[in-house]
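Working notes, structure below.
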Ligand code: ASP
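Residue numbers (this note's numbering): 779 to 1102.
Have a look at this one:
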């Protein structure tokens, strides 16, 4: 026992040390928009909360078991893409021609590696295609049929476009077309995103979307554009955006959040707030989630609501929809 005692002490000291080192954090969004408590029935609220919670648990358990932020982000986003509730994967909003045209991107803060796909119509989980582009091609950004050919080569699951199309989104497009309204900012947001910090100190950010309802002419938004809708740098933060993509592209939104931290030493929270203020100034609407290398979390938006959630290794957890 005497000889064991120093070993036991060493074990407890080291495990205590390891625990203080092993911080992880995870933040998710499911889109920003005109959600108001009074107008969303409670059962609908519950459905969203349940799915956000499922995604959060998935990512949390990966990180808690020493998994990589890259895996956590991909798996969280796959849960949200597979759910018909969000504007990503199944349940995506429809383009003017009635098809689902999907965009996704992913970026790692450790080495600034990134991958993205846009305008894809047959890849079941666009976020996994974005990851494959990053890991198994010499490119960053693939589009349309070329991206699908690549995904097929990579052995990713392919589906018919009808898989993505839900009755709800079909009706939304038809209503919009009937009113002959051009796309306006409305409650069709529901893009999904995730940023994770793993126990190795690496940050990954990812975003996946069907874009804006009634989009035309092969329109691509900010979500698959590295630096606009998604960005990650271990020295600063990871960022995923949701909102009216044209404005986010013009601001270089996600990269600008990182730059505000790098060049002006703002906190992640201040940087996100400052960027959302810039968005408001140029007439854009939407939201952003981000976290820094300490696991500090920011969730800012200028819309009435944003589906959002986070969890941390400390046990802290939050799920919210509205602005209250
Ligand atoms: N940012 C997406 C886009 O413009 C839409 C959204 O986040 O709701 O394509």
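Ideal Cβ placement from N, Cα and C applies to all residues, glycine included.
Model, not experiment: these values are computed from the prediction.
What is the C-beta distance between residue i and residue j, in whole angstroms, given that I count them as a contact (C-beta under 8 Å)?
i: residue 921; j: residue 972; result: Wrong, their Cβ atoms sit about 23 Å apart, outside the cutoff.
i: residue 942; j: residue 1007; result: That pair is no contact at about 19 Å.
i: residue 1057; j: residue 1038; result: With a Cβ gap of about 13 Å, residue 1057 and residue 1038 do not count as contacting.
i: residue 837; j: residue 853; result: 6 Å
i: residue 904; j: residue 847; result: 19 Å between Cβ atoms; not a contact.
i: residue 1067; j: residue 803; result: Actually they do not touch by this definition, with Cβ atoms about 11 Å apart.
Would you mind stating whether residue i and residue j have Cβ atoms separated by less than 8 Å?
i: residue 1004; j: residue 1071; result: no
i: residue 885; j: residue 983; result: yes
i: residue 809; j: residue 969; result: yes
i: residue 887; j: residue 974; result: no
i: residue 1088; j: residue 1060; result: no
i: residue 996; j: residue 989; result: no
i: residue 898; j: residue 892; result: no
i: residue 1065; j: residue 1045; result: no
i: residue 936; j: residue 991; result: no
i: residue 1103; j: residue 954; result: It is not possible to answer for residue 1103, since the shown part of the chain is limited to 779 through 1102.
Does any heavy atom of ligand 1 sit closer than 7 Å to the C-beta of residue i?
i: residue 1081; result: no
i: residue 1026; result: yes
i: residue 1000; result: yes
i: residue 990; result: yes
i: residue 979; result: no
i: residue 1064; result: yes
i: residue 1021; result: yes
i: residue 1008; result: no
i: residue 877; result: no
i: residue 809; result: yes
I need the boundaries of the alpha helix (DSSP H) containing residue i, first residue and last residue.
i: residue 1023; result: 1023 to 1029
i: residue 906; result: 904 to 914
i: residue 1058; result: 1046 to 1059
Following the continuous beta strand (DSSP E) through residue i, name the residue where it begins and the one where it ends.
i: residue 997; result: Element bounds for residue 997: n/a, residue is neither H nor E.
i: residue 895; result: 892 to 898
i: residue 813; result: Here residue 813 belongs to no beta strand (DSSP E), and DSSP marks it neither H nor E.
i: residue 1070; result: 1064 to 1070
Complete alpha helix (DSSP H) runs within the segment 827 to 890 (minimum length 4 residues, chain order): Segments of the alpha helix (DSSP H) lying fully in the segment 827 to 890: 847 to 860.
Every unbroken beta strand (DSSP E) within the segment 919 to 992, with a cutoff of 3 residues, ordered by chain: Runs of the beta strand (DSSP E) inside the segment 919 to 992: 919 to 921, 970 to 975, 981 to 987.
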